[in-house]
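Engineer: One structure follows; several queries about it will come next.
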Amino acid sequence: MAFLVIVLCFALATAIIARAKGSSFWIWFVIGGCAPGLGLIAIILSRREQAEPERRCPNCGKVLKLYVQVCTRCGADLYLPDPSEVRPGPDFRSPQAR
Numbered sequence: 142m143a144f145l146v147i148v149l150c151f152a153l154a155t156a157i158i159a160r161a162k163g164s165s166f167w168i169w170f171v172i173g174g175c176a177p178g179l180g181l182i183a184i185i186l187s188r189r190e191q192a193e194p195e196r197r198c199p200n201c202g203k204v205l206k207l208y209v210q211v212c213t214r215c216g217a218d219l220y221l222p223d224p225s226e227v228r229p230g231p232d233f234r235s236p237q238a239r
């Protein structure tokens, strides 16, 4: 019984840290429950998701990060677009920080 409580605490801690970094709460909850110590270490060492500008591929319309030089869907070479075509990336900050 004590082991189950410890595993649930690790899973919850892993999921809360993951959500704060912009990742999925439930996926990391499962990872933290299956591998308690490893999951917690993995999420602590993972990088925080950044809100980066995005643009659409002119050939296929796939939304890509601004720094991508070749479209992963159609293989088209991408150049820097007009500033009006660039959109801000998703906001991964917590609702309290907005």
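Just so we're aligned, residue 142 is where the sequence shown starts under our numbering, counting upward by one. Note that CB positions come from ideal geometry on N, CA and C, so glycine has one too. What you are looking at is a predicted structure, and each value in this text was computed from that prediction instead of being measured.
Are there any heavy atoms of the ligand MG lying less than 7 Å away from the beta-carbon of GLY163, as far as the coordinates show?
Structural biologist: What this structure holds is no ligand at all, so the ligand MG is not there to describe.
Engineer: Go ahead and label THR155 buried or exposed: buried means 16 or more other beta carbons lie within 10 angstroms of its beta carbon, across all protein chains shown.
Structural biologist: The sequence position of residue 155 within the sequence shown is 14, counting from 1. It counts as buried.
Engineer: Under a three-way DSSP split, which group does ARG214 fall into?
Structural biologist: What you label residue 214 is simply residue 73 of the sequence shown in a count that begins at 1. Reduced to three states, the DSSP call for ARG214 is coil.
Engineer: Rounded to whole angstroms, what is the Cα-Cα separation between PRO224 and ARG214?
Structural biologist: Residue 224 sits at position 83 when you count from the first residue of the sequence shown. Residue 214 sits at position 73 when you count from the first residue of the sequence shown. Going by the C-alpha atoms only, they are around 23 Å apart.
Engineer: Along the chain, where does the beta strand (DSSP E) containing VAL209 start, and where does it finish?
Structural biologist: Your numbering for residue 209 matches position 68 in the sequence shown. First-last for VAL209: undefined, no H or E at that position.
Engineer: For ILE168 and ILE185, which I take to be in contact (beta-carbon distance under 8 Å), what is that distance rounded to the nearest angstrom?
Structural biologist: The residue you call residue 168 lines up with position 27 of the sequence shown. The residue you call residue 185 lines up with position 44 of the sequence shown. Actually they are not in contact, since the Cβ atoms of ILE168 and ILE185 sit about 16 Å apart, beyond 8 Å.
Engineer: Alpha carbon to alpha carbon, how far is ALA183 from GLY216?
Structural biologist: Here residue 183 is taken as the residue at index 42 of the sequence shown, counted from 1. Here residue 216 is taken as the residue at index 75 of the sequence shown, counted from 1. Going by the C-alpha atoms only, they are around 33 Å apart.
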